[in-house]
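Residue numbers (the numbering used here): 124 to 528.
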């Protein structure tokens, strides 16, 4: 009887190696791990890997401008080999992502759009990530701004979007951890005059504070401000905030006639030290034949000491009477009482019934709102240029003047 049983094979069974991938073995199995992680996403807060094409940029991301040169530099740094490990550096810090609502195993980038784009330029196949589904728009803004400061345009677009959603300027400022002036400066970006916007677009001025100062000055002095901006563009001149402030200060200086307090220069004749003579009365010295040299004493023509011209009151003769006016003594009596009353009335006239407290905050003129309650160390002010009311730190407020309403 023939034994039809299959003979036992000798040695190891290698039939399962048909799908063996040598490349995945050589790269430490990272690619296979990335594919596995993409299918089974890691829990929130844990670092995992996924293929680069499983990541998608957020259309509402605050960052919209990317510097091509800096992206290329970042990509080159990712391709460098770590001398200790012998491995390509890749993306050293995980992307912050959330689950894609429509594509299982795919993610939307919260923070890390620059790293993601640089990784694509570097030809990387995968990227590390951390899931943070709970981040809101403000969190994503802070993530991007901390990595590389957002441009004024990106910040203005973000703030405008939040205001359109119903947030107030104060709420946006607090959520971003910035002063109210930060929001006020950026919110005017899309209202700037063409000449001022050209400064930004041509990269002559990228300071939002400087642009905001020019925007507010343009309301009162449109022609000189536009001429200033056009001159900077034509001369290819980059403007700093200090230069803009110096220009705006020059607008405040009066031109033309001299100030009233400045005394006009009198004619001097031949001598610089000559003083104007008082006009003489026509009847003076009529019939007086005394030479002028004997009636007018010059310097050094008298032997009297300076004190001799003013006798000591204690040596006054008893026959001398106190000074009077219309029969009333100047010291004491009715006249002195009237003088005291006049002084008291003048003092009352100097008092302010209702005061306006003018202040300056963040280089903007404003007035203190004393009728609004504020926390200790804070105060409400109202800007003169746009009428906005904000609560500010008193340490950042400078007192300018107190005037009567």
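Glycine is no exception: its CB is placed at the ideal position from the N, C-alpha and C atoms.
Closest to residue i by C-alpha separation, out of the options, would be which residue?
i: residue 319; options: 337, 305, 281; result: 337
i: residue 286; options: 310, 265, 305; result: 310
i: residue 312; options: 209, 328, 353; result: 328
i: residue 283; options: 333, 495, 295; result: 295
i: residue 292; options: 322, 495, 209, 306; result: 306
i: residue 498; options: 351, 509, 516, 198; result: 516
i: residue 182; options: 254, 277, 190; result: 277
i: residue 493; options: 505, 485, 486; result: 505
i: residue 214; options: 326, 175, 343, 222; result: 175
i: residue 373; options: 363, 356, 344; result: 344
i: residue 366; options: 177, 351, 376; result: 351
i: residue 530; options: 180, 191, 330; result: Here the chain has residues from 124 to 528 only, and residue 530 is not among them.
i: residue 234; options: 248, 247, 217, 227; result: 217
i: residue 178; options: 210, 226, 273; result: 226
i: residue 363; options: 210, 495, 326; result: 326
If we count the other Cβ atoms within 10 Å of its Cβ and call it buried at 16 or more, is residue i buried or exposed?
i: residue 224; result: exposed
i: residue 184; result: buried
i: residue 422; result: Residue confidence for residue 422 is low, a pLDDT of 45 falling below 50, so the modelled location carries little weight; the figure read from the coordinates is stated next. Label assigned to residue 422: exposed.
i: residue 230; result: buried
i: residue 388; result: Caution applies to residue 388, whose pLDDT of 44 falls short of 50 and renders its modelled position unreliable; the value that the coordinates give is listed next. Label assigned to residue 388: exposed.
i: residue 390; result: Residue confidence is low: residue 390 scores 39 on pLDDT, short of 50, so the model does not pin down where it sits. No coordinate-derived value is stated.
i: residue 333; result: buried
i: residue 204; result: exposed
i: residue 238; result: buried
i: residue 171; result: buried
i: residue 485; result: buried
i: residue 275; result: buried
i: residue 169; result: exposed
i: residue 279; result: buried
So what's residue i in DSSP terms, helix, strand or just coil?
i: residue 506; result: strand
i: residue 115; result: No information on residue 115 is available, as it lies outside the stretch 124 to 528 that the chain covers here.
i: residue 219; result: strand
i: residue 282; result: helix
i: residue 179; result: strand
i: residue 478; result: strand
i: residue 368; result: helix
i: residue 326; result: coil
i: residue 356; result: helix
i: residue 255; result: coil
i: residue 297; result: helix
i: residue 351; result: helix
i: residue 342; result: helix
i: residue 517; result: helix
i: residue 274; result: coil
i: residue 100; result: No statement about residue 100 is possible, as the shown extent of the chain runs from 124 to 528 and does not include it.
i: residue 117; result: Outside the shown range of the chain, which is 124 to 528, sits residue 117, and nothing can be said about it.
Rounded to the nearest angstrom, what separates residue i and residue j at their Cα positions?
i: residue 196; j: residue 243; result: 13 Å
i: residue 370; j: residue 188; result: 30 Å
i: residue 490; j: residue 314; result: 24 Å
i: residue 281; j: residue 368; result: 27 Å
i: residue 501; j: residue 340; result: 27 Å
i: residue 192; j: residue 525; result: 53 Å
i: residue 509; j: residue 232; result: 37 Å
i: residue 190; j: residue 527; result: 53 Å
i: residue 67; j: residue 202; result: Any question about residue 67 goes unanswered here, given that the chain covers just 124 to 528.
i: residue 511; j: residue 206; result: 57 Å
i: residue 259; j: residue 375; result: 45 Å
Please state whether the Cβ-Cβ distance between residue i and residue j is less than 8 Å.
i: residue 186; j: residue 236; result: yes
i: residue 477; j: residue 523; result: no
i: residue 503; j: residue 488; result: no
i: residue 335; j: residue 354; result: no
i: residue 261; j: residue 298; result: yes
i: residue 290; j: residue 173; result: no
i: residue 255; j: residue 219; result: yes
i: residue 349; j: residue 316; result: yes
i: residue 250; j: residue 198; result: no
i: residue 321; j: residue 356; result: yes
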